[in-house]
Amino acid sequence: MAIYYTYQHAGAWEAAKKNGFLFGDPNYGMLKDEEDANHRSAYDWLADQYGQRTKRLLNGNDPVWLSDTPPNVARGGFFRGWGTGCRIDR
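Under our numbering, think of the first position of the sequence shown as -11, with each following residue one higher.
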């Protein structure tokens, strides 16, 4: 089984443990502050492309971004201004 890494808001991880799966709940998204909200249209475009290409609907949820390599946390920027977060590697 592969290992994937993602950084999520702590509340999103708590909800995933309760629900049994992780999904991109916009309530815990990074695009809530004014600076990052400028990227909302591009992010929505990516989500739309995902739906068109995979034929899987996100139903208003945001994509969950994963990596197959551990992130370089030394570069910083994780959880900037949007609360407590956690690294998830499963």
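We put the CB at the ideal spot given by N, CA and C, even for glycine.
Length of the line joining the Cα atoms of residue i and residue j
i	j	result
Leu46	Ser29	16 Å
Asp32	Val52	13 Å
Gln37	Ala(-10)	25 Å
Pro14	Leu34	15 Å
Lys43	Phe9	20 Å
Gly39	Gly12	14 Å
Trp1	Gly48	18 Å
Lys5	His27	29 Å
Local conformation of residue i per DSSP, three classes
i	result
Gly(-1)	helix
Asp32	helix
Tyr16	helix
Thr42	helix
Asp56	coil
Close Cβ partners of residue i (< 6 Å) along its chain, the five nearest in sequence each way excluded
i	result
Leu54	Tyr(-8), Thr(-6)
Gly17	Asp50
Burial state of residue i (16 or more Cβ within 10 Å)
i	result
Ala(-2)	exposed
Ala25	exposed
Contacting residues, own chain, Cβ-Cβ under 7 Å from residue i (five flanking each side not counted)
i	result
Asp124	Given a span of -11 to 78 for the chain in the structure shown, any question on residue 124 remains unanswerable.
Ala3	Asp13
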